[in-house]
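Residue numbers (our numbering), protein chains in the order written: chain A, 1 to 356; chain B, 357 to 712. Just so you know, even glycine gets a beta-carbon here, dropped at the ideal spot from N, CA and C. Just below is one structure, and these are the notes that go with it.
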């Protein structure tokens with residue numbers, strides 16, 4: 001009789017809900033720059049769409065000179081761009097807000113990254129020729145369903161302002177990690193908006209429309225809006241760029257360690273510029289030391305690994321923190337900006353360990 | 357092009373650690389009486405053992421008349437018993453203790469159940485003939501490794517007092533759900549002690565020894581002991597029978613629902629007697645109503661499903677609680693009995709939902 005070795009131990013997605021499917025990446029156990037389909041977090045508002053077509057057409061129309069139906073072959077003929085991009089759900093770490101907020105109780109794993117390849121949206125928009133007065137670009141997806149706050153059926157749809165739509169790195173992606181995009185992540189075409197929270201990166205694109213007004217779908221003006229007040233819309237503003245952030249992957253919270261040397265490590269990321277430093281405290285925030293930054297793999301739209309070698313000789317309990325700062329001089333705050341729907345959590349990460 | 361339908365959405369184990377492997381069952385999404393190997397929680401103190409033998413022998417020796425090496429064939433020839441048994445890790449829900457305690461931060465899923473088949477331990481002990489003065493039966497497992505609180509290598513080993521060892525339903529199991537026990541859950545032989553926390557149900561049994569004293573291995577006298585004090589051993593006592601308990605599986609905590617009729621459902625279980633009632637409160641504990649109990653499938657060592665039809669017409673926030681009582685008149689407390697290592701959590705289960 002033989003037994004399997006320990007290499008058959010692996011982490012899995014963490015289920016938040018199944019209808020629709022919302023599962024997070026076991027991010028604490030990930031040390032790869034490309035998250036595979038199997039472990040890429042899944043965030044859906046509705047059931048998966050049923051896509052039944054023998055030929056896929058992407059309509060780009062609205063306020064344009066030449067409304068066009070692009071085929072996949074058309075898209076493949078344009079010059080492509082490839083980026084390693086962090087996709088982070090705006091609700092990532094929602095479970096950590098105090099007071100608690102309603103919605104999917106994501107812990108730290110509504111985030112993944114990998115290599116997205118596609119054609120710049122700007123290329124398509126140039127091709128069809130936007131007319132004067134164009135203000136926003138609307139991306140309608142194939143998924144649809146009901147919402148608890150409405151009696152109607154809604155399609156997932158989001159818009160981008162012209163400036164972001166025309167950014168040369170905003171792409172209509174057709175590949176993820178050198179393969180067609182996995183179905184659950186937007187096959188065949190997904191908008192990829194680097195540096196914005198992932199609600200902007202619309203999956204299963206059905207059509208792209210240029211409009212001369214502000215788009216007001218519920219996923220634009222009800223959800224994905226920061227509401228700083230417990231009630232009402234006062235001072236609300238839209239969710240856009242990812243906040244500067246970091247998490248500790250190891251040790252695990254409430255772990256017990258021996259005295260000696262331990263590697264504290266994790267990842268850091270931002271939606272503006274790039275990470276300039278990560279600081280670590282092992283004394284509950286009294287003193288801070290620079291962690292060693294790893295390397296961005298390629299561009300600056302991914303996360304960066306960091307590590308810190310901790311020598312601990314005294315037994316006892318320790319509170320360990322990580323704090324990232326980006327090139328725009330944004331730093332993780334002690335407490336995240338509380339908002340009613342729980343978006344953009346980015347407080348300094350904290351764990352506790354006992355050394356014995 | 358065709359797309360997969362929604363039946364390919366499934367939950368996964370929730371990873372707590374990989375070295376050793378500790379992963380919990382996505383219990384909130386389970387409504388089956390037999391948890392499969394794939395989703396059965398995994399709780400290990402060490403790496404998986406390497407079992408290399410062409411023939412498996414189970415030694416039963418120590419203070420006995422006829423020390424015997426049993427083969428698997430020997431065991432299969434004895435009359436067998438089959439039970440549906442809840443196995444719950446003593447540390448299940450440890451993450452909910454306040455103040456927080458060190459150790460694996462289990463949520464609600466360090467619990468599973470299924471059908472275990474084997475030969476009563478009593479049969480084997482009768483076969484070998486215990487001598488006078490026999491006091492405890494020690495079960496040594498094949499897994500071993502280091503502990504943070506010791507410089508030595510330890511083998512996982514636990515003992516049972518005679519009374520529990522001779523209980524006719526304490527079995528040496530060789531099948532789980534009509535198949536050989538899955539390797540990660542104790543293949544080829546696992547002790548199954550119904551109604552006790554699962555540390556008692558020793559996996560990968562290497563040998564059984566009858567002794568005339570109290571066994572003092574670290575998994576008997578250091579771990580799996582209730583320490584009520586923050587420091588020191590005062591008033592400590594061993595972890596044995598499972599506390600009366602229940603959890604709400606649906607709705608999920610911090611869910612948003614519509615007005616209307618909703619099914620609140622979950623499971624309840626106990627280590628003494630059987631569940632006699634489950635009460636539900638939808639007003640933060642002010643009033644309680646009986647839930648509808650399902651049926652035990654077979655014996656009373658499993659969990660029992662319960663449900664409650666909730667009609668809600670008024671919008672707002674609701675705190676929903678479930679509280680089980682067993683036939684020994686034990687009821688879930690408002691706060692669990694705090695103990696330093698975080699065992700036996702069984703407070704009334706609480707979730708919050710918003711109705712809109």
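Review point. How many Å lie between residue 711 of chain B and residue 640 of chain B at the Cα?
Key: Going by the C-alpha atoms only, they are around 15 Å apart.
Practice item. Closer than 6 Å by C-beta to residue 631 of chain B: which residues in its own chain qualify, once you throw out the five before and the five after it? Chain order, please. Key: Residues 624, 660, 680, 682 of the same chain have their beta carbon placed closer than 6 Å to that of residue 631 of chain B, with the five preceding and five following residues left out of the count.
Point to revise | Straight-line Cα distance separating residue 564 of chain B from residue 475 of chain B | key: When rounded, the distance between both Cα atoms is 14 Å.
Review point. Can at least three beta-carbon pairs, one atom from the stretch 379–392 of chain B and one from the stretch 37–51 of chain A, be found at a separation below 8 Å?
Key: As far as the Cβ criterion goes, the stretch 379–392 of chain B does not touch the stretch 37–51 of chain A, which means the pair count is below three.
Exercise for review: For the stretch 336–352 of chain A and the stretch 569–588 of chain B, state whether three or more C-beta atom pairs, one from each stretch, are separated by less than 8 Å.
Suggested key: Not touching, per the Cβ criterion.
Review point. In chain order, what residues of the same chain lie with their CB nearer than 6 Å to the CB of residue 243 of chain A, ignoring the 5 residues before and after it?
Key: Once the five neighbours on either side are set aside, the close Cβ partners of residue 243 of chain A are 344, 346.
Review point. Is it the case that the Cβ atoms of residue 494 of chain B and residue 420 of chain B are separated by a distance below 9 Å?
Key: No, Cβ-Cβ distance for residue 494 of chain B and residue 420 of chain B is not below 9 Å.
Check your understanding: Smallest Cα separation from residue 234 of chain A: which of A/340, A/258, A/307?
Key -> Of A/340, A/258, A/307, the residue nearest in Cα terms is A/340.
Review point. For residue 122 of chain A, which three-state DSSP category applies?
Key: Reduced to three states, the DSSP call for residue 122 of chain A is helix.
Practice item. Please classify residue 164 of chain A: does DSSP put it in a helix, a strand, or coil? Key: DSSP places residue 164 of chain A in helix when its eight states are reduced to three.
Practice item. Specify the secondary structure class of residue 349 of chain A as computed by DSSP and reduced to three states. Key: Residue 349 of chain A sits in a strand when the DSSP states are folded into three classes.
**Study point:** 9 Å Cβ cut-off: residues of chain B touching residue 29 of chain A
**Key:** Within 9 Å Cβ-Cβ: 371, 373, 374.
Point to revise | Cα-Cα separation, residue 145 of chain A to residue 49 of chain A | key: Straight-line Cα distance between these residues: approximately 10 Å.
Practice item. Assess, as a yes-or-no matter, whether the stretch 98–107 of chain A is touched by the stretch 150–162 of chain A under the definition of 3 or more beta carbon pairs within less than 8 Å. Key: Output reads no: the stretch 98–107 of chain A does not touch the stretch 150–162 of chain A.
Practice item. Would you mind stating whether residue 143 of chain A and residue 45 of chain A have Cβ atoms separated by less than 9 Å? Key: Yes.
Practice item. Determine the DSSP secondary structure at residue 27 of chain A, reduced to helix, strand or coil. Key: Three-state result, residue 27 of chain A: helix.
Exercise for review: Note down, in chain order, every chain A residue with its Cβ under 8 Å from the Cβ of residue 504 of chain B.
Suggested key: Simply 256, 257, 258, 356.
Practice item. Pull up the distance between the alpha-carbon of residue 1 of chain A and that of residue 556 of chain B, whole angstroms please. Key: A caution first: residue 1 of chain A carries a pLDDT of 49, below 50, which makes its placement in the model too unreliable to give a value.
Point to revise | Closer than 8 Å at the beta carbon, the chain A residues around residue 716 of chain B | key: Outside the modelled stretch of chain B, which goes from 357 to 712, sits residue 716 of chain B, for which no answer is possible.
Check your understanding: For residue 26 of chain A and chain B, any beta-carbon pair shorter than 9 Å?
Key -> Interface residue, yes.
Check your understanding: Do the stretch 365–382 of chain B and the stretch 8–20 of chain A make contact, defined as three or more Cβ pairs closer than 8 Å?
Key -> Contact between the stretch 365–382 of chain B and the stretch 8–20 of chain A is established, with three or more Cβ pairs separated by less than 8 Å.
Practice item. Could you name the residues that DSSP lists as bridge partners for residue 438 of chain B? Key: Paired residues: B/473.
Check your understanding: So is residue 103 of chain A in contact with chain B if we call contact Cβ pairs under 9 Å?
Key -> Interface residue, yes.
Check your understanding: At which residues does the beta strand (DSSP E) containing residue 546 of chain B begin and terminate?
Key -> Membership of residue 546 of chain B in the beta strand (DSSP E) is indicated by the continuous run 546–548.
Review point. Does the separation of the CB atoms of residue 95 of chain A and residue 25 of chain A fall below 9 Å?
Key: Going by C-beta atoms, residue 95 of chain A is not nearer than 9 Å to residue 25 of chain A.
Practice item. Could you pull the start and end residues of the alpha helix (DSSP H) that residue 249 of chain A belongs to? Key: Under the DSSP assignment, residue 249 of chain A falls outside any alpha helix (DSSP H), being part of the beta strand (DSSP E) whose first and last residues are 245–250.
**Study point:** Reduced DSSP category for residue 393 of chain B - H, G, I as helix; E, B as strand; rest coil
**Key:** It is helical.
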